[in-house]
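So the mapping is simple: my numbering equals the position in the sequence shown, first residue as 1, plus 534.
Cβ atoms here follow ideal geometry from the backbone N, Cα and C, with glycine treated the same way.
First comes the structure, then the notes that go with it.
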Amino acid sequence: MTFKLFPILDKMIDFYLKPAGIDRFHEYLDILKGDSKDNLEVPIPNFNPMAKKHVLEKLLELKKLNVEEVIKEVLNNINQRTSLQTSVEIDVVLSLADDLKGGWTNLYTTNYDSKFKLNAYVSRDFCIPIFWSSEEYNIDIIQRRTEEYCFRTLYWKKYQKPRTLEEHVKQEQFVNQNCTIDCNNEKLLDFPFIDRYYKIHKDSTEHSRIFNFMYGDDPCSELGYVKYEIKESFAGYKYARINHS
């Protein structure tokens, strides 16, 4: 299995240069479906077809950083390290989600879906590193993000879809074991509590409990989800990052 870049940046820049309206929306659907009538030919669902000009500005920021060339270099390195003996080629397509002003994009639910609801992409041999309109970009972030999503795709190709809390954490442990770029210095503030909680509930398949463990109480409050006293934001990811040996 090999990863290869599917260039999309210039197409999406040209797309957002056009005025928002019904014509742009129809063009979005044409890009998404390609030559098919109802299939996903080009994976751009995270792009907001009616986004305001700040999304164009963020794409131009990525272009200044030569984002697709950086991604291509990361893919070459992963391909040299990966030894899965298949003829499958995975198209890697960057995505930009508008969590800043996009009415249909919630940072936490979109983040979760991009990591743990991959079947529609993996079954079509796509890998979608997702960037956010609210974040500041640099080369390390681009490299790390590309690695993370490639290794999530590899995980889905090798193992079953995560169902339990333990399987969610194991996926993220696999990602951290294989990534070479480390640009996240966030620490898990209360490891003993999180570790104890995880060991008690690791067999749970309740989405609300899994989501709460991965993202914390504050996002759950915002979304009207059940809270389980996980006070720290992104606790599950921090736990997987420091507990992946």
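Could you round the C-beta distance between residue i and residue j to whole angstroms and report it? I think they count as a contact, below 8 Å.
| i | j | result |
| --- | --- | --- |
| I624 | M546 | Not confirmed; about 20 Å, so no contact. |
| L596 | Y671 | 6 Å |
| E700 | Y771 | So it is not a contact: roughly 15 Å between Cβ atoms. |
| I676 | I605 | 7 Å |
| K567 | E575 | 6 Å |
| G750 | F768 | 7 Å |
| P696 | F650 | 6 Å |
| L757 | T643 | 7 Å |
| K635 | H588 | 6 Å |
| V703 | Y732 | 7 Å |
Whose C-alpha, out of the options, is nearest the C-alpha of residue i?
| i | options | result |
| --- | --- | --- |
| F660 | T687, K592 and I673 | T687 |
| S668 | N645, S657, Y655 and R678 | N645 |
| P577 | A585, L563 and K692 | L563 |
| K540 | V626, I565 and D724 | Inspection of the sequence shows that residue 540 is occupied by Phe rather than by Lys. Closest option to F540, Cα to Cα, is V626. |
| Q614 | K538, V760 and P696 | K538 |
| N611 | V760, N712 and F650 | N712 |
| D737 | V709, N718, F727 and T698 | T698 |
| N573 | R658, V703 and H735 | R658 |
| I806 | M748, T680, R730 and Y731 | Since the first residue shown for the chain is 535 and the last is 779, residue 806 is missing from the structure and cannot be characterised. |
| L717 | D569, V622, R678 and Y759 | A quick correction: the sequence has Cys, not Leu, at residue 717. Cα-wise, what sits closest to C717 is R678. |
Enumerate in chain order the residues of its own chain whose CB-to-CB distance from residue i is below 7 Å, with the five nearest sequence positions on each side excluded.
| i | result |
| --- | --- |
| L593 | L543, M546, I547, Y550 and L630 |
| Y762 | R743 and N746 |
| F581 | M546, S629 and L630 |
| A654 | L574 |
Based on DSSP bridge pairs, tell me the residues matched to residue i.
| i | result |
| --- | --- |
| K538 | D625 |
| C661 | V626 |
| W666 | A631 |
Give me, in chain order, the residues of the same chain whose beta-carbon lies closer than 6 Å to that of residue i; leave out the 5 immediate sequence neighbours on both sides.
| i | result |
| --- | --- |
| L641 | D633 |
| A554 | M584 |
| W666 | A631 and D633 |
| F559 | P583 |
| S648 | I664 |
| R775 | N710 |
| F685 | V709 and N712 |
| L652 | W690 |
| I662 | P577, V627, S629 and Y655 |
| P753 | Y642 |
| Y759 | S742 |
Using C-beta distances below 8 Å, list every residue in its chain close to residue i, excluding the 5 sequence neighbours before and after it, in chain order.
| i | result |
| --- | --- |
| V656 | T687, W690 and K691 |
| E766 | L722, L723, D724, I728, G750 and K772 |
| Q694 | E701 |
Is the Cβ of residue i closer than 8 Å to any Cβ of chain D?
| i | result |
| --- | --- |
| Y732 | Considering every chain present, this structure includes no chain D. It has just one protein chain. |
Starting from the N-terminal side, write out each stretch of the alpha helix (DSSP H) that is 4 residues or longer and does not extend beyond the region 596-638.
601-615
Entirely within the region 674-713 and at least 4 residues each: give me those alpha helix (DSSP H) ranges in chain order.
699-712
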